[in-house]
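One point on numbering: in full-length UniProt numbering, the residue at position 95 of the sequence shown is 95, and numbering is uninterrupted. Note that beta-carbon positions come from the ideal geometry of N, C-alpha and C, so glycine has one too. Working notes for the structure below.
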Amino acid sequence: MRDCFLFIFRRLAIVIKSELILAMAEKHGLSIEVSSQVVDIVFNEISKGVAMGERTELRGFGVFEPRSRDARIARNPKSGKEVEVPAKTVVHFKPGLELRKRVDK
């Protein structure tokens, strides 16, 4: 089981913000500073929209939207005791058609 987990874990592609900035700068001939500003603006606008309770769509890529989770009673897996989980809002991402097609190849 552990070997399977490590195999799956190694296949994950983790892209950090600095790599995204560097790729944008190289591909479009921009400075790192300008690329950083563009990436920050995109992330900030998505975050602001979702924080205000709005659905934020990047056409072809996907939709970020807030979803409400009701309060519930859960069980602590270690002790087995019931615990109360308060209501909360979470961010849900739904991939767009173009992204789904690229992933499904």
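Which one of the options has the shortest CA to CA distance from residue i?
i, options, result
"Ser35", "Ala25, Val85, Asn44", "Ala25"
"Glu82", "Val91, Val90, Arg72, Thr89", "Arg72"
Just to confirm, are residue i and residue j a CB contact at a threshold of 8 Å?
i, j, result
"Gly60", "Leu22", "no"
"Val91", "Val63", "no"
"Arg69", "Lys88", "yes"
I need the DSSP call for residue i, collapsed to helix, strand or coil.
i, result
"Lys101", "helix"
"Gly29", "coil"
"Phe43", "helix"
"Gly60", "coil"
Could you check the C-alpha separation between residue i and residue j for me, to the nearest Å?
i, j, result
"Gln37", "Met52", "22 Å"
"Ser47", "Lys17", "15 Å"
Measuring only between beta-carbons, confirm whether residue i sits less than 8 Å from chain D.
i, result
"Glu84", "No chain D appears in this structure, which consists of one protein chain only."
Assign residue i to buried or exposed, taking buried as 16 or more other Cβ atoms, counted over all protein chains shown, within 10 Å of its Cβ.
i, result
"Thr56", "buried"
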